[in-house]
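Visitor:
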Amino acid sequence: KTMTIQSPPTLRESFTSMVVAGQDRDPRPLLDPLAIVDALSDAVIVVGLDYRVQQANKAARARALALGGQKPDAGAGGDEPVNPLTGRYCYDIFPCAEPCETPAHECPLPAVLATGETIRITRRQVTPGDRKTRYVDVSASPLRDAEGRIIAVIEAMRDVTAERELAETLVRRNEHLSV
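What follows is the structure, encoded as structure tokens:
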């Protein structure tokens, strides 16, 4: 006898099977992909090829608020919040004055489009209110359509200021000890 081991379905397969087949064949509750991304502590945005934000999670909205004082808008009925970042240029939301192609504001979007690969950079950002310098790791990955064409770029951003400051402190202490 041979035993068949079935691997768990991918996230896409789970969503597709629940939506297409309905809840009658799958007892698990329907998972909302936007709610899952909204629950992440890292800021996640989807940027179109025109540099406009197509989606942004809760952490991205909070980061934009901290960086530029953007206030969330109320929905048509005033009950549901509207994503204030959607449709805006990413360089208007995050600390860039224009599409980030200067050495001071490295932008991963052109590199992702050119290579089709995930690009990782670290950005230095200054918070307007308290003028504190923050360091943010950005991982930008291509989002492809069914034919494999890149249709957008997904950027995940994580504040690594504490880690960076700790590393710099250790370097200074090691330099002091070696003198």
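The working numbering numbers the first residue of the sequence shown as 1125 and each following residue consecutively.
Heads up, the beta-carbon is just placed ideally off N, CA and C, and yes, glycines get one too.
1) What is the DSSP secondary structure of D1261, reduced to helix, strand or coil?
2) Relative to the alpha-carbon of S1265, which residue among A1159, A1190 and I1169 has its alpha-carbon at the smallest distance?
3) Would you mind sorting V1260 into buried or exposed? The rule is 16 or more other CB atoms within 10 Å of its CB.
4) Does the structure place the segment 1265 to 1281 close enough to the segment 1250 to 1257 that three or more beta carbon pairs sit under 8 Å?
5) What is the C-beta distance between A1186 and I1217, in whole angstroms, given that I count them as a contact (C-beta under 8 Å)?
6) Rounded to whole angstroms, what's the CA-CA distance from D1166 to A1184? Just pull it up for me.
7) Of the choices E1271, R1273 and R1248, whose alpha-carbon is the least far from that of V1262?
8) In this structure, how does DSSP classify D1283 when only helix, strand and coil are distinguished?
Guide: From the atom records:
1) strand
2) I1169
3) buried
4) no
5) Their Cβ separation, rounded to whole angstroms, is 12 Å, which puts A1186 and I1217 out of contact at 8 Å.
6) 8 Å
7) Proximity to V1262 across E1271, R1273 and R1248 peaks at R1248, based on C-alpha coordinates.
8) strand
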